[in-house]
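Visitor: As given, the protein sequences belong to chains A and B, one line each in that order. Counting with the numbering used here, you get residues 489 to 737 for the letters of the first sequence. Counting with the numbering used here, you get residues 223 to 539 for the letters of the second sequence. Could you have a look at this structure, given as structure tokens, before my questions?
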Amino acid sequence: MQAYITLARREMGSFFYSWIAYVVIAGAMLLTGMGFVTLLDRLQGEPTPMPLTEIFLGGCFWLIVLFSAPVITMRLFAVERHSGTFETLMTTPVSDWQVVLAKFTAAIVFYMLMWLPLLACVLVLRYCAHDATLFDPRTLGTTYLGIFLTGCLYMAVGCFASALTHNQIVAAMISFAIGLAFFLAGFMDGPIDLQGTWAGRAFSYVSVLAQMKDYARGVVDTRSVVFCLTSSFFFLFLSCRVIESRRWR
Amino acid sequence: MMIDVSNLTKTYAGNTAVADISFQVEQGEIVGLLGPNGAGKSTTMRILSCFIPANSGTATIAGWDVFTQADEVRRRIGYMPENNPLHPEMRVREYLRFRARLKGLSNGRTRERVDAVITQCGLEDVSKRIIGQLSKGYRQRVGLADALVHEPELIILDEPTIGLDPSQIRSVRQLIKDLGRTHTVLISSHILSEVEMTCSRVVIMRTGRILAADTLDNLYKVLGKNGHLITEIAAPLDELKTCFEQMPELAHYTISATEGAYHRCALAPSGSDDLRARIFALVVERGWDLRELSRVRHSLEEVYIRLTRPESEEEPH
């Protein structure tokens with residue numbers, strides 16, 4: 489446990505030692521801000537039954553997730569492998585799982601920090617609009633739950649991609665590709681003739697796009713919770729195996 | 223027994239890095255692993271530090287098996303890999319604290335030990351500086367401090383002085399020597415003088431095999447015999463010659479003239495006895511003058527070159 493906390497803290501710190509943290513947070517804030525402007529624009533138009541969070545999600549949410557996840561996670565293992573500190577790390581009495589989980593934890597905590605400006609946007613709106621119906625804490629809660637679960641999946645994918653290679657750019661590309669595949673699965677059940685077939689159902693089940701829409705609407709579907717958690721676990725498991733592979737390669 | 227390696231073999235994708243090696247290291251020894259690049263030194267060290275497992279054979283550190291009891295072994299060793307990788311963005315004290323905590327030291331103990339290794343490795347002046355901005359010599363000391371921070375029983379250092387300037391090499395070497403008083407140390411190097419100066423025993427490797435594993439004195443004795451004697455004696459040449467010819471211990475001798483009445487003689491003994499006292503007694507007995515008498519030992523370099531020369535280059539006997 490001590491090793492896990494020590495490692496997670498160092499990983500967290502290393503985000504802020506490098507420029508990555510500031511660049512990612514600045515980028516995310518810019519996009520959140522743009523989303524906020526779109527949101528205000530929509531609110532001035534026709535009345536809509538949609539909750540605030542769902543309108544926001546139509547904006548820049550996926551852009552932020554798809555681009556920030558690879559950047560946040562690309563260094564996790566790739567840098568250590570490149571510089572050789574991986575060797576000093578793995579010759580201390582820590583297990584492979586501790587290392588993977590510590591790095592994953594640091595990534596997910598940082599990812600959640602990145603979403604704090606959204607909270608600020610909602611609070612500003614509530615303060616200025618003086619309209620209680622505009623702001624439903626439960627919907628906001630489920631939105632953040634959705635952000636967290638989607639984040640888990642994307643960070644786990646990033647962990648896995650970073651464990652695969654010495655090169656940060658390659659790691660980022662792999663994690664972007666896998667992340668994009670999950671995102672695009674959401675568009676696969678509609679336009680093509682897959683509706684109703686098993687393939688269509690499979691795509692809709694892995695569609696993080698549709699799942700996130702549910703969360704923003706205030707709906708928590710256990711299927712999507714289970715999907716995000718199991719697939720995160722699966723990718724973390726793969727990362728662990730990749731790290732372990734030095735033993736049998 | 224601190225390290226006990228027997229029949230260790232490691233292959234990487236078909237290439238044999240270490241082939242069936244066995245050696246032992248006793249507690250409190252400083253042992254040098256010597257060999258040309260690609261001899262399998264680093265691989266051996268990586269196996270001993272539980273980073274990679276071997277394909278076959280066993281290795282134990284202080285009685286713990288490196289394959290099945292890796293956690294126990296890791297607690298007992300301080301390992302500094304080749305090129306000494308560090309986190310360049312961290313500060314020295316912060317890095318050592320991080321490493322100590324990672325190695326399972328309690329909070330109080332961490333503070334104590336970090337202070338201790340900073341003093342021990344002479345890092346007081348730079349303890350608040352960023353590692354990436356330190357000179358190579360200081361970085362090497364940080365690596366050493368990291369290897370020492372949890373008070374390991376065994377310290378494994380892979381090429382600890384590579385890339386340092388002579389004065390830095392000297393200070394790192396002194397540090398290693400000091401460590402040898404309290405710890406068992408295994409260092410690898412291809413710099414002979416370094417091993418000669420710091421180690422009590424050497425293991426010489428080439429292409430994954432052990433060629434020799436012995437104390438330096440024994441290696442000199444076995445491989446270099448006892449060296450030869452150089453002496454300068456003022457005596458009539460023919461008298462000198464007859465005397466040398468009558469000595470059964472001498473394998474052969476050469477005499478060359480120097481200035482004055484002195485003759486410079488190189489004497490090669492047939493056995494491993496030290497003939498200096500014998501020569502001195504001879505000179506006194508005859509009433510000659512003696513102005514030099516010394517034994518030229520084979521340096522480790524000669525021993526090493528003879529051992530590690532590829533077979534094809536070996537001259538016919």
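Just so it is clear, CB atoms sit at the ideal spot from N, CA and C, and this is done for glycine as well. Quantities reported herein were computed from a predicted structural model and do not represent experimental measurements.
Which of the three DSSP states is assigned to proline 538 of chain B in this structure?
Guide: With a pLDDT of only 42 at proline 538 of chain B, under the threshold of 50, the placement of this residue in the model should not be trusted, and no figure is reported.
Visitor: Using only the alpha-carbon positions, how far apart do tyrosine 442 of chain B and aspartate 242 of chain B sit?
Guide: When rounded, the distance between both Cα atoms is 25 Å.
Visitor: Which residues in chain B sit within 7 Å of glutamate 812 of chain A, going by Cβ to Cβ distance?
Guide: With chain A covering only 489 through 737, there is no way to say anything about residue 812 of chain A.
Visitor: Output needed for glutamate 350 of chain B: all residues of its chain with C-beta closer than 8 Å, excluding positions within five of it in sequence on either side, in chain order.
Guide: As written in the sequence, residue 350 of chain B is lysine, which differs from the glutamate given in the question. Result list for lysine 350 of chain B: Arg313, Val314 and Arg315, in chain order.
Visitor: For asparagine 306 of chain B and valine 525 of chain A, what's the separation of their Cα atoms in angstroms?
Guide: If you take the alpha carbons of asparagine 306 of chain B and valine 525 of chain A, they lie about 51 Å apart.
Visitor: Going by alpha carbons, who is nearest to histidine 485 of chain B out of B:Met469, B:Ser492 and B:Leu512?
Guide: Among B:Met469, B:Ser492 and B:Leu512, the Cα nearest to that of histidine 485 of chain B belongs to B:Leu512.
Visitor: Tell me whether cysteine 616 of chain A is buried or exposed, calling it buried when 16 or more other Cβ atoms sit within 10 Å of its Cβ.
Guide: Classification of cysteine 616 of chain A: exposed, given that the 10 Å Cβ count is below 16.
Visitor: Taking 8 Å as the CB-CB cut-off, is tyrosine 510 of chain A touching chain B?
Guide: So no, tyrosine 510 of chain A is outside the interface.
Visitor: With DSSP run on the structure shown, which of helix, strand or coil describes aspartate 436 of chain B?
Guide: It is a strand residue.
Visitor: So is glutamine 396 of chain B buried or exposed if we call it buried at 16+ other beta carbons inside 10 Å?
Guide: Exposed, by the Cβ-count rule.
Visitor: Can you name, in chain order, every residue of its own chain whose Cβ lies under 7 Å from the Cβ of tyrosine 301 of chain B, other than the five neighbours on each side?
Guide: Hits under 7 Å: Ser271, Ala369 and Ile378.
Visitor: Quick one: which chain A residues come within Cβ less than 8 Å of lysine 263 of chain B?
Guide: Here the premise fails: no neighbours, minimum Cβ distance about 15 Å.
Visitor: Out of curiosity, what's the CA-to-CA distance linking methionine 489 of chain A and phenylalanine 664 of chain A?
Guide: Using only the alpha carbons, I get a separation of about 31 Å.
Visitor: Measure the alpha-carbon distance for proline 310 of chain B versus tyrosine 505 of chain A and round it to whole angstroms.
Guide: Taking the straight line from one Cα to the other gives about 10 Å.
Visitor: At the 8 Å Cβ level, is leucine 652 of chain A part of the contact set with chain B, yes or no?
Guide: Judged by the 8 Å Cβ criterion, leucine 652 of chain A is not in contact with chain B.
Visitor: Any residues in the region 493-510 of chain A with a beta carbon nearer than 9 Å to a beta carbon of chain B? Which ones, in chain order?
Guide: Listed in sequence order: Ile493, Thr494, Leu495, Arg497, Arg498, Gly501, Ser502, Tyr505 and Ser506.
Visitor: Residue ranges of each beta strand (DSSP E) run of no fewer than 3 residues wholly in the region 239-316 of chain B, ordered along the chain?
Guide: Counting only runs of 3 or more, we get 252-256, 278-283 and 299-302.
Visitor: In chain order, what residues of the region 315-349 of chain B put their CB closer than 7 Å to some CB of chain A?
Guide: Correct list: Phe320, Arg323, Leu324, Lys325 and Gly326.
Visitor: Tell me the DSSP secondary structure of cysteine 343 of chain B in three-state form.
Guide: Coil.
Visitor: Ignore the nearest five residues each way along the sequence and tell me which others in valine 713 of chain A's own chain have a CB closer than 7 Å to its CB.
Guide: Excluding sequence neighbours, valine 713 of chain A sits near Leu637.
Visitor: Taking DSSP's pairing of strands, which residues face isoleucine 452 of chain B in a bridge?
Guide: Isoleucine 452 of chain B is bridged to B:Ala488 and B:Ser516.
Visitor: Could you spell out the range, first to last residue, of the alpha helix (DSSP H) harbouring lysine 701 of chain A?
Guide: That run of the alpha helix (DSSP H) goes 696-705.
Visitor: What residues from chain B crowd round alanine 491 of chain A, counting only those whose CB sits closer than 9 Å?
Guide: Neighbours of alanine 491 of chain A on chain B, chain order: Arg323, Leu324, Lys325 and Gly326.
Visitor: Just grab the DSSP bridge partners of lysine 350 of chain B for me.
Guide: According to DSSP, lysine 350 of chain B bridges with nothing at all.
Visitor: Could you check if threonine 580 of chain A is buried or exposed, using at least 16 other CB atoms within 10 Å of its CB as the buried criterion?
Guide: Threonine 580 of chain A is buried by the Cβ-count criterion.
Visitor: Would you verify that the beta carbon of glycine 572 of chain A is, or is not, closer than 8 Å to some beta carbon of chain B?
Guide: Cβ-Cβ to chain B under 8 Å: yes for glycine 572 of chain A.
Visitor: Counting pairs of beta carbons, one from the region 571-586 of chain A and one from the region 667-676 of chain A, are three or more of them closer than 8 Å?
Guide: No contact exists between the region 571-586 of chain A and the region 667-676 of chain A.
Visitor: Pick helix, strand or coil for aspartate 226 of chain B, following the three-state DSSP scheme.
Guide: Here aspartate 226 of chain B sits in strand by DSSP.
Visitor: Please classify valine 348 of chain B as buried or exposed, where buried requires at least 16 neighbouring CB atoms within 10 angstroms.
Guide: With 16 or more Cβ atoms within 10 Å of its Cβ, valine 348 of chain B is classed as buried.
Visitor: Taking DSSP's pairing of strands, which residues face lysine 232 of chain B in a bridge?
Guide: For lysine 232 of chain B, which the question treats as bridged, DSSP gives the partners B:Val240.
Visitor: The beta strand (DSSP E) with alanine 457 of chain B in it runs from where to where?
Guide: Note, alanine 457 of chain B: premise wrong, no beta strand (DSSP E); not H, not E.
Visitor: In angstroms with no decimal places, state the Cα-to-Cα distance between glutamate 334 of chain B and serine 692 of chain A.
Guide: Distance between the alpha carbons of glutamate 334 of chain B and serine 692 of chain A: 57 Å.
Visitor: Which residues in chain B have a C-beta closer than 8 Å to the C-beta of threonine 561 of chain A? List them in chain order.
Guide: By Cβ distance, chain B contributes nothing, its closest Cβ being about 18 Å from threonine 561 of chain A, past 8 Å.
Visitor: For chain E, is any of its Cβ atoms less than 8 Å away from the one on valine 597 of chain A?
Guide: Given the protein chain composition of this structure (A and B), no chain E is represented.
Visitor: So with CB distances below 8 Å, who are the chain B contacts of arginine 734 of chain A?
Guide: Ordered by position in chain B, the residues that pass the 8 Å Cβ test against arginine 734 of chain A are Phe273 and Ile274.
Visitor: Leaving aside the five residues before and after threonine 593 of chain A along the sequence, list all residues of the same chain whose C-beta is less than 7 Å from its C-beta, in chain order.
Guide: Answer for threonine 593 of chain A: Ala496, listed in chain order.
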